[in-house]
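Following my numbering from start to finish, the sequence shown increments by one per residue and tops out at 374.
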Amino acid sequence: MKIHEYQAKQVLSRYGVTVQPGEVAETADQALAIAERMNVGLYVVKAQVHAGARGKGGGVKLVRSPAEVRDAAQHILSTPLVTPQAGPQGRRVRKVLVAVGVEIEKELYVGITVDRNARTPVLMACAQGGVEIEEIAAHFPEKIIREEIQLCFGLGEYQARRVATHLGLPNRLFPAATKTLIGIARAFIELHGFLVELNPLAVTKSGELVALDAKMSFDDNALYRHPEIAALRDPNEESPLEAEAEKEGLSYIGMDGAIGCMVNGAGLAMATMDIIKLYGGEPANFLDVGGGADLSKVTHAFKIILADPRVKAVLVNIFGGIMKCDVIAEGIISAVKEVGIKVPLVVRLEGTNVEAGKRLLQDSGLSVIAAHGMAEAAQKAVAAAKS
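Given below as structure tokens:
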């Protein structure tokens, strides 16, 4: 689960991270009122969306008067934000952060995520922060320092000082750097983070270390432990289909392809998407109904797949263990009768009650393309989508 920048700053400030003062506005007039209360000489107005590269898309404005704050907020709130992550259609901006601007002397990058190879969180830092950090990581990986974090101890002070040295910070900023780095490591561990990122973490001309931007995301599976974090979720920033799937207890991730996939088990889902790509197709989604899905869940899963207008064919690939093939068949029949289907439907069933499931589909009157193995199912789905 992702949260907005202003929310991440609120969370991290409780862990000792220094952030610039700021407030959130949903209208241009609210932004004007915030700027007038601040009464400073430099303001930054930032779009609050779950997408990176906001500055490149015009979602970050540096201005010098409350009137300019209002104009900047009006523009951002009324114009779809187009970035590489938001896509060519852009993302509607519903909130802006109005913050006190600072004079920057140096921009740094600091982030924490999970290193799956090392099986531990890792802190990454670079003396060159800002919008081009991805380019630095791709072309100059030696410029990024890494420190593994032990879950039982957190980030050590000696590690924080080593990072501060690598970043070229003066000795007078070592205490602030240590506090910031240990703080984000504590937040990551205690809140079951998936990502914490400060980009940029700025050295200001007044000699402070300030997080000018903050990004945080969390492990969905641990949100029940942190209701205060779960409450920060913004449904407007999430796919309606993904939200609907979560409500029904389904694992669904939308993609850009044309073949809808309904499977049971994450491993089978990954294998299904791989074999679709092997035969020249592109999956439209990852949808796992789980091992113990009932008729209602299967019906909802089918409705979610068919609600995506990009879907040109549907591939149902089920191995019946706990999940019985006849239940899947009943769910398919129920969903198709309820919502209709205008695209080819390829079904591959194996396992428990497979013959009963196949008979149900044969007797249903539905136009089903049967397949007897994953390779055959993928080939037929790709061909059906292209036709």
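All residues carry an ideal CB built from backbone N, CA and C; glycine is no exception.
Simplified DSSP state of residue 133, which is helix, strand or coil: strand
Rounding to the nearest angstrom, what Cα-Cα distance links residue 104 and residue 352 in this structure? 50 Å
Distance, residue 112 Cα to residue 70 Cα: 24 Å
Validate contact between the segment -5 to 4 and the segment 165 to 177 using beta carbons, cut 8 Å, 3 pairs: yes
Beta-carbon within less than 6 Å of residue 287's beta-carbon, same chain only, minus the 5 sequence neighbours each way: which residues are those? 235
Evaluate contact between the segment 132 to 141 and the segment 115 to 124, counting only Cβ atoms and requiring at least three cross-stretch pairs below 8 Å. no
Three-state secondary structure (DSSP) at residue 296? coil
What's the gap between the Cα of residue 89 and the Cα of residue 10? 15 Å
For residue 335, the residue or residues it bridges with in DSSP: 304
According to the Cβ coordinates, are residue 24 and residue 33 closer than 8 Å? no
Find out if the Cβ-Cβ distance for the pair residue 320, residue 347 is shorter than 8 Å. yes
Can you give the beta carbon distance from residue 80 to residue 17, rounded, assuming they're within the 8 Å contact cut? Actually they are not in contact, since the Cβ atoms of residue 80 and residue 17 sit about 14 Å apart, beyond 8 Å.
Opposing strand residues paired with residue 357 [DSSP bridges]: 334
Applying the 10 Å Cβ sphere with the 16-neighbour rule, what's the burial state of residue 54? exposed
Are there 16 or more other CB atoms within 10 angstroms of the CB of residue 308, so buried, or fewer, so exposed? exposed
How far does the beta strand (DSSP E) with residue 187 in it extend, from its first residue to its last? 180 to 191
Less than 8 Å between the CB atoms is what I'm expecting for residue 77 and residue 63, so what's the real figure, rounded? Between residue 63 and residue 77 the Cβ distance is about 12 Å, and since that is not below 8 Å, they are no contact.
Out of -3, 290 and 137, point me to the one whose CA is closest to residue 247's CA. 290
Can you list, in chain order, the stretches of the alpha helix (DSSP H) that have 4 or more residues and sit fully within the segment 39 to 119? 53 to 65
Shortest alpha-carbon distance to residue 273 belongs to which of 251, -12 and 184? 251
Would you mind working out which of 37, 332, -3 and 114 sits nearest residue 128, comparing C-alpha positions? 114
Where do the N-terminal and C-terminal ends of the alpha helix (DSSP H) with residue 255 fall, by residue? 253 to 265
Assign residue 60 to one of two classes, buried (16 or more other C-beta atoms within 10 Å of its C-beta) or exposed (fewer than that). buried
Just to confirm my understanding: we take residue 232, look at its own chain, exclude 5 residues before and 5 after, and list those with CB closer than 6 Å. What are they? 239 and 291
Give me the Cα-Cα distance between residue 159 and residue 149, rounded to the nearest whole angstrom. 14 Å
Backbone secondary structure at residue 234 - three-state DSSP: helix
Comparing C-alpha positions only, which one of 95, 15 and 98 sits nearest to residue 65? 15
Does the distance from the CB of residue 293 to the CB of residue 326 come in under 8 Å? yes
Assuming residue 22 and residue -2 form a contact by the criterion Cβ under 8 Å, report the distance between their Cβ atoms to the nearest whole angstrom. Contact doesn't hold; Cβ gap of about 24 Å is too wide.
Residue 191 beta carbon less than 8 Å from that of residue 269: no
Taking the beta strand (DSSP E) that residue 351 falls in, what are its first and last residues? Here residue 351 belongs to no beta strand (DSSP E), and DSSP marks it neither H nor E.
Measure the C-alpha to C-alpha separation of residue 358 and residue 342 and round it to an integer number of angstroms. 13 Å
In chain order, what residues of the same chain have a beta carbon less than 7 Å from the beta carbon of residue 116, not counting five sequence neighbours either side? 94, 95, 96, 186, 187 and 188
Closest Cα partner of residue 362 within the set 336, 44 and 197: 336
If you draw a straight line from the C-alpha of residue -11 to the C-alpha of residue 37, how long is it? 7 Å
From residue 237 to residue 210, what distance separates their C-alpha atoms? 16 Å
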